[in-house]
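Engineer: Please read through the structure below; I'll follow up with questions.
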Ligand code: HPA
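Residue numbers (my numbering): 93 to 377.
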C-alpha cells in the first residue's frame, strides 16, 4: 500500500472511532499546550475520548498533557479540543505528530486554534505573558507534508498569512475585553527536548524570534495545507535560557501554565464569542 493510502486508512479509522463517540461536526479545533487544559473543563455537553481509545493514536506521554479529544460547545460554538499533543521529541514521526490535528480537521473544523508554552526571547517579555503568534520559523528540521500528498492537502501551501490576520484582531479584542495583556511575536520551533543553550537563544534572537518552543508548527503547516485559518497563542512560561540566568525545568513550565490557564481560557472564549461562523455570516447577509 502506498504511504499516502496508509495514512488515509489510519485517519479514517481514527475519525470513525471519534464519530462513534460523538457525531457532532466541530466548527473549531483547539489544541491545548502544556498545562493549558482549563478551557476543555468549561465546555458544555462534552464527550471526552481518551487518545488510548482512538486507533492509531499513541498516548500523550508528557506531564501536563492529558491526552484526550473532547467534543462539546463553548460560547455556543461546537469545538473539538485536543487536550494534549504529540511531540517530535517523544520519538514520533512527523506524520504521527500531526495525526490528531488531521483528525479534528477531518471531522470538519474550519478554524484551528493552537496554544503552547514557550520560552520568551524578546527582552520585553515576562513569564506569564500571553503572546499572539504572528509568524513562525521552522527549525525542527522536518516538515509534516514531506512524502506523498495526503488527500485534501495542497503540495506547496502558501505560508504568507500562516496566522490569520482577522483572527489576530479578534484575539486582540478578546484580550482587551478580558483585561489581559497580550503581546505579539515570532515563534521559533525547535526539536527539543533539551532546552536551548544561551548561545542558541542569542542566535534565535538574531534570527528574529521572540519566543521558542517544541511544538505547534507541524499542526499549523497541516492546517495551512488544508486551507484552514489558524490562531496561535503562546504562554511565555519562562524567560529563555541565559536571559535570567536561572536553570529551566519542565515543572516550571507546567506551573506557569496552571497559573495562566484561566487567562488563556478567557481570551479563547472571547475569540469564540466574536467569531462569525460561515453559516451565521451567510444567514446575516
Ligand atoms: N524553550 C523551549 N521550549 C519551551 C521553553 C523554552 O524555554 N519553555 C516552554 N517550552
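Even glycine gets a Cβ: it sits at the ideal position worked out from N, Cα and C.
Computed from a predicted structure; not experimentally measured.
Measuring from the CB of residue 304, is there a heavy atom of the ligand HPA at a distance below 6 Å?
Structural biologist: Yes.
Engineer: Should residue 327 be labelled buried (16 or more other beta-carbon atoms within 10 Å of its own) or exposed?
Structural biologist: Label assigned to residue 327: buried.
Engineer: Taking the alpha carbon of residue 81 as the point to measure from, which residue in 179, 295, 336 has its own alpha carbon closest?
Structural biologist: One cannot answer for residue 81 here, as it falls past the ends of the chain, which runs 93 to 377.
Engineer: Helix, strand or coil for residue 295 per DSSP?
Structural biologist: Three-state DSSP puts residue 295 in a helix.
Engineer: Taking residue 352 as part of the alpha helix (DSSP H), name the residues at either end of that continuous run.
Structural biologist: That run of the alpha helix (DSSP H) goes 342-366.
Engineer: Taking the C-alpha atoms as reference points, what is the distance between residue 361 and residue 184?
Structural biologist: Each residue's Cα considered, the two are about 31 Å apart.
Engineer: Between the Cα of residue 135 and those of 204, 292, 165, spot the shortest distance and give me the residue it belongs to.
Structural biologist: The shortest Cα separation from residue 135 among 204, 292, 165 belongs to 165.
Engineer: Should residue 228 be labelled buried (16 or more other beta-carbon atoms within 10 Å of its own) or exposed?
Structural biologist: By the 10 Å Cβ count, residue 228 comes out buried.
Engineer: Using a Cβ-Cβ cut-off of 6 Å (strictly less than) and excluding sequence neighbours within five positions of residue 127, which residues of its own chain qualify?
Structural biologist: For residue 127, where only same-chain residues beyond five positions count, the Cβ hits under 6 Å are 156, 346, 349, 350.
Engineer: How close, in whole Å, do the beta carbons of residue 308 and residue 208 come, if the pair is a contact with beta carbons under 8 Å?
Structural biologist: Contact holds; Cβ gap of about 5 Å.
Engineer: Taking 7 Å as the threshold (C-beta atoms), are residue 160 and residue 187 in contact?
Structural biologist: Against a cut-off of 7 Å, the Cβ pair of residue 160 and residue 187 comes out as no contact.
Engineer: Helix, strand or coil for residue 119? Go by DSSP, reduced to three states.
Structural biologist: Looking at residue 119 - three-state DSSP - the assignment turns out to be coil, as it is neither helix nor strand.
Engineer: For the candidate residues 194, 334, 255, 329, whose alpha-carbon lies nearest to that of residue 293?
Structural biologist: Per the Cα distances, 334.
Engineer: Have a look at 204, 300, 329 and flag the residue whose alpha-carbon is nearest the alpha-carbon of residue 310.
Structural biologist: For residue 310, the nearest C-alpha among the options comes from 204.
Engineer: Using DSSP with H/G/I as helix, E/B as strand and the rest coil, what is residue 169?
Structural biologist: Of the three classes helix, strand and coil, the one that applies to residue 169 here is strand, per DSSP.
Engineer: Could you tell me whether the Cβ atoms of residue 262 and residue 325 are closer together than 7 Å?
Structural biologist: No, the Cβ-Cβ distance between residue 262 and residue 325 is not below 7 Å.
Engineer: List the whole-angstrom C-beta distance separating residue 191 from residue 102, where the pair is believed to meet the contact cut-off of C-beta under 8 Å.
Structural biologist: Contact holds; Cβ gap of about 7 Å.
Engineer: How many angstroms separate the CA atom of residue 370 from the CA atom of residue 119?
Structural biologist: At residue 370 the pLDDT is 44, less than 50, meaning the model places this residue with poor confidence; the figure from the coordinates comes in the next sentence. Their backbone Cα atoms lie some 9 Å apart in a straight line.
Engineer: Output the boundary residues of the beta strand (DSSP E) element that contains residue 308.
Structural biologist: Taken as a continuous stretch (DSSP letters only), residue 308 belongs to no beta strand (DSSP E), as it is neither H nor E.
Engineer: For residue 251, which residues from the same chain have a beta carbon less than 8 Å from its beta carbon, with the 5 sequence-adjacent residues on both sides left out?
Structural biologist: 313, 316.
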